[in-house]
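Everything below concerns the one structure shown next.
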Amino acid sequence: MTEQETASVSTSWRRIDAWLAAHSASTPVLLNPPAARDEVAAAERALGVRLPGDLVESLCCHNGVTGWAALLPEGQSPLAVAAIVDHWRMCMRVASDADGLTVPPWEDEPWWHPLWVPWAVGADGTAQVLDLRPGPGHSRLGWAGHGGSGDFSDAVPSLALYLHEVAEALHHGGGVRGMHPFLTSDGGLLWDEAADLHERSPEPAGSADILTS
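To get our numbering, take the position in the sequence shown, counting from 1, and add 1125.
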């Protein structure tokens, strides 16, 4: 998929919100309203980096969630601005105490890096991180902060592309990195590796719900 074919972060969130409102009885109430710009600026000062435009745009759509929900394909929830800073500080503290900032000879990545910014986290503590290190992988999306070293072996080039793929899977079916969406009996959104989930999944939202601007 080319950059020209990828919807903006705001457009993808509108599409995700529309699908959740139409199909999920519980997930929409967990999404927070937009973050304030001064919260984002304070986070940038705390982290010592400028947050990527995709992440700022996402936070200006939803400032994380009020409680854990498997909103994303890896069973993770977007973090609020304050939680991004808290998780980064926690990982920096753990890494500093356990030599986790250096790359082991048998690995390609350290356990944590100061220029990794967490944007979502799972129940097991694994974070989806945006890699802000200079180079061709700048702003790619990977996983870090739990067992083993950071993992960018199946990195997503950008947060915008990732959210675009999530919105596409919800509206049109299919999966994201092998994970497919379905609804639980009480209307909660979950993702599963099974290739055929049509018996558990609702029909995709109609074209009237797909926002393109």
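Where a beta carbon is used, it is the ideal one built from N, C-alpha and C, also for glycine.
Taking Cβ to Cβ, would you say residue i is nearer than 8 Å to residue j?
i, j, result
"leucine 1314", "alanine 1195", "yes"
"glycine 1303", "glutamate 1318", "yes"
"glycine 1299", "serine 1149", "no"
"leucine 1204", "alanine 1146", "no"
"tryptophan 1144", "histidine 1305", "no"
"tryptophan 1237", "threonine 1251", "no"
"valine 1206", "glutamate 1164", "yes"
"glutamine 1253", "leucine 1266", "yes"
"valine 1134", "proline 1198", "no"
"alanine 1248", "tryptophan 1193", "yes"
"threonine 1131", "histidine 1289", "yes"
Please state whether DSSP places residue i in a helix, a strand or coil.
i, result
"alanine 1132", "coil"
"proline 1153", "helix"
"alanine 1245", "strand"
"aspartate 1163", "helix"
"valine 1190", "strand"
"serine 1137", "helix"
"aspartate 1317", "strand"
"glutamate 1238", "Note that residue 1238 is histidine in the sequence shown here, rather than glutamate. The answer is coil: DSSP assigns histidine 1238 none of H, G, I, E or B."
"serine 1202", "strand"
"leucine 1091", "Outside the shown range of the chain, which is 1126 to 1338, sits residue 1091, and nothing can be said about it."
"tryptophan 1144", "helix"
"valine 1228", "coil"
"valine 1301", "strand"
"leucine 1176", "coil"
Residue i: which of the options sits nearest, CA to CA?
i, options, result
"serine 1264", "Gly1247, Pro1230, Gly1270 and Pro1177", "Pro1177"
"valine 1154", "Asp1179, Gly1189, Val1134 and Ser1133", "Gly1189"
"alanine 1171", "Leu1295, Phe1307 and His1212", "His1212"
"valine 1291", "Ala1252, Gly1200 and Gly1270", "Gly1200"
"proline 1087", "His1271, Gly1275 and Pro1261", "There is no way to answer for residue 1087, as the model of the chain reaches only from 1126 to 1338."
"methionine 1217", "Pro1243, Pro1198 and Ser1202", "Pro1243"
"glycine 1275", "Pro1235, Asp1224 and His1289", "Pro1235"
"aspartate 1346", "Val1210, Ala1208 and Gly1273", "The question about residue 1346 has no answer here: the residues shown for the chain are numbered 1126 through 1338."
"glutamate 1093", "Val1210, Glu1130 and Ser1202", "Because the chain in this structure spans residues 1126 to 1338, residue 1093 falls outside the shown range and cannot be described."
"aspartate 1179", "Ser1278, Phe1307, Tyr1287 and Ile1141", "Tyr1287"
"serine 1202", "Leu1308, Leu1156, Ser1221 and Asp1142", "Leu1156"
"arginine 1140", "Thr1309, Ala1285 and Leu1308", "Ala1285"
"valine 1219", "Phe1277, Asp1279 and His1271", "His1271"
Is the Cβ of residue i closer than 8 Å to any Cβ of chain B?
i, result
"tryptophan 1213", "Considering every chain present, this structure includes no chain B. It has just one protein chain."
Inspect the CB distances between the region 1184-1199 and the region 1147-1161 and report whether three or more fall short of 8 Å. Yes: the two stretches touch, three or more of their Cβ pairs being nearer than 8 Å.
**Asked** Just checking, does the region 1217-1231 make contact with the region 1249-1260 on the three C-beta pairs under 8 Å criterion?
**Response** Not touching, per the Cβ criterion.
Task: beta strand (DSSP E) runs wholly inside the region 1245-1298, at least 3 long, in chain order - done: For the region 1245-1298, whole beta strand (DSSP E) runs of length 3 or above, ordered along the chain, are 1252-1256, 1265-1269 and 1276-1281.
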